[in-house]
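Notes follow once the structure below has been shown.
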Amino acid sequence: VPPDREPLLQGTLDLLILHALAAGPLHGHAIARWIKESSSDVLLVQEGSLYPALHRLEAREDVIAEWGPSENNRKARHYELTKSGRRRLEKERASWARVSSAIDAVLRPSGAGA
Amino acid sequence: VSRRWWERRSPPSDDEIAREIRAHLDLLEEEEREGGADPDVARLRARERFGDERAIERAVRRAWSAQRAGWMDLAFPSLLSTMLIFALVGANNLRLVDSITSFLALLPSTLTAVLPTGIGIGSALAFSRRWRMTATGGLRSRCIARAFAFGVIGTVLTMAAYHFVPSANARYVELARVSTGLSPRADPDLPNPGVRQLSVPELLAHLRVVDTTWAPPVRDRVSRITRFEIHKRFALPLSCVVNALWGLACAAWLSRIRCAPLFAAAGGLGAIVLWYFVYAWAEAQLVRPGISASLLAWLPFITLGILSSLALAAKRRWSRSPTLAS
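Line order of the protein sequences matches chains W and S.
Counted the way my numbering counts, the first sequence spans residues 269 to 382.
Counted the way my numbering counts, the second sequence spans residues 37 to 362.
Spelled out as structure tokens, the structure:
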């Protein structure tokens, strides 16, 4: 891992993918680019590792996929959120907010360990 | 119907997965070339950024097979067909059944599937003739009591098979996989002589570990699967009781038509199909947080229990009604 980059925490990839797709359909490469750019190049995702997660979400019917042209007119498989995917995104967002605020609370300097 | 349902959820072909990965690699290569790399370097860098293609293809296929495992167990190839083979060849031909791949690994779940089926069809057959002959309320109450006894005996046998036969099936192996240390890992597609199903106390211990130390969202998913599994160990055997009641309801409603035992047996089999559909639906809901996993495990029992009770109550009221009875 390059020193200025962080690997993703386990279990957060699904949340990032669902969030990326909330704005509209994207193909795998565009999702990887979105994660990289939105995290200002901090989060490191090996692009291939997106696919098992994307297909798991598709198998759960949280996303649907369709072949279509990419921005440079090549064919790519585009993923789009379904209703159940939007519901899952809300749940995962709420769960993440709870976990991250709990960790913040633990790490706050006024805590017992400080 | 279950086959059609399965097809609707079918995964992309190997060819389609390979095409998708190829398309991604082409986009990466093009990006590298636009950045000034020569074609060979661009290809190498694209592969480096993407990762091991073959491993990713395998991981994609695993992602689909993990999702469909519940349906595969229930819908076509394994449990239902094993049940039907049992019904067709009978207990004398156990050697033939034994030759089915992984049959021994499926023994507890096969027994727990066969017994409620047998109880449902058996009670429908046993009572379809008797119900017609027993016009009085007292004798009919005895029929109901006997059907209930059928169910209780079936429950005890199924509970013993499910809890004490030392064996394993794909689902338990899957559970063993997520609960490192509780049971050896194994390939769910092969017979696994060294793998056993987790007992209820082990599952409870595993659940405590998951709930207290694992992080969401994996924690939530594994916790729901484990909870479902624990409740299923009791809900499935107890389905013998509702199957017996359903068989009795079929016998009661169909006793006056020609070939009553045949139709009553078909009704008993219909209950099993309904049971499996509700079960398959409930298991599919496990990946969607919302309905409690414990309730989902009991849903087939509750559904069939309510339907059987309503059918019996309606028959009782219908028989008592002076206008209809005359």
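The beta-carbon is built from N, C-alpha and C at its ideal position, and this holds for glycine as well.
On a predicted model such as this, the values are computed, not experimentally measured, just so you know.
Going by DSSP in three states, S:Asn128 sits in which element: helix, strand or coil?
With a pLDDT of only 43 at S:Asn128, under 50, the local geometry of the prediction cannot be trusted, and the value read off the model is given with reservation. Correct three-state label for S:Asn128: helix.
Could you work out which residues of chain W lie near S:Glu66, taking near to mean beta carbons separated by less than 7 Å?
Chain W residues near S:Glu66: Asn340.
Between which two residues does the alpha helix (DSSP H) containing W:Val331 stretch?
Here W:Val331 belongs to no alpha helix (DSSP H); instead the beta strand (DSSP E) covers Val331 to Pro337.
Looking at the ligand COA, does it come within less than 6 Å of W:Ala300, judged from the CB to the closest heavy atom?
Absent from the structure shown: the ligand COA. Ligands present: none.
If you drop the 5 nearest sequence neighbours on each side, which residues of the same chain put their C-beta closer than 8 Å to that of S:Arg352?
There are no such residues.
For S:His242 and W:Ile371, I'd like the C-alpha separation in whole angstroms.
Going by the C-alpha atoms only, they are around 25 Å apart.
Would you say S:His267 faces chain W, with C-beta separation under 7 Å as the test?
False, the Cβ-Cβ gap to chain W never drops below 7 Å.
Using the beta-carbon of each residue, which ones in chain S are nearer than 7 Å to W:Lys343?
Chain S residues near W:Lys343: Ala59.
Give a yes or no on whether the minimum CB-CB distance between S:Ala95 and chain W is below 7 Å.
Output row for S:Ala95: interface = yes.
Hey, how far is the Cα of W:Tyr347 from the Cα of W:Ile303?
Rounded to whole angstroms, W:Tyr347 to W:Ile303 spans 15 Å at the Cα level.
Since I believe W:Asp282 is in contact with W:Ala321 (beta carbons under 8 Å), could you give me their beta-carbon distance rounded to a whole number of angstroms?
Going by Cβ atoms, the distance from W:Ala321 to W:Asp282 rounds to 6 Å, so yes, they are a contact pair.
Going by the beta-carbon positions, is the gap between S:Ala183 and S:Ala307 smaller than 7 Å?
Cβ distance not < 7 Å, so S:Ala183 and S:Ala307 don't count as in contact.
Could you give the DSSP three-state label for S:Ala91: helix, strand or coil?
Three-state DSSP puts S:Ala91 in a helix.
Could you tell me the alpha carbon to alpha carbon distance between S:Arg85 and W:Asp330, rounded to whole angstroms?
C-alpha separation (whole angstroms): 27 Å.
Closer than 8 Å is the cut-off here; do at least three beta carbon pairs connect the stretch 251-261 of chain S with the stretch 285-298 of chain S?
Touching, no, given that fewer than three Cβ pairs across the two stretches are closer than 8 Å.
Does any CB atom of chain W fall closer than 7 Å to the CB of S:Leu310?
So no, S:Leu310 is outside the interface.
Taking only beta-carbon atoms, is S:Pro75 less than 7 Å away from chain W?
By this cut-off, S:Pro75 is not an interface position.
Sorted by chain position, which residues of the same chain lie with C-beta nearer than 7 Å to S:Leu335's C-beta, five sequence neighbours on each side aside?
If we look at S:Leu335 and ignore the five residues flanking it on each side, its Cβ neighbours are Val314 and Ala318.
Run through chain W and tell me which residues come within less than 8 Å of S:Pro47, C-beta to C-beta.
Under the 8 Å cutoff, chain W gives His323 and Ala327.
From what residue to what residue does the beta strand (DSSP E) around S:Arg244 run?
Counting along the chain, S:Arg244 falls outside any beta strand (DSSP E), though it belongs to the alpha helix (DSSP H) covering Val236 to Thr249.
DSSP puts W:His346 in a beta bridge; with which residues?
Per DSSP, W:His295 and W:Glu334.
Counting only beta-carbon atoms, is W:Gly316 nearer than 7 Å to chain S?
Yes, because at least one Cβ of chain S sits closer than 7 Å to the Cβ of W:Gly316.
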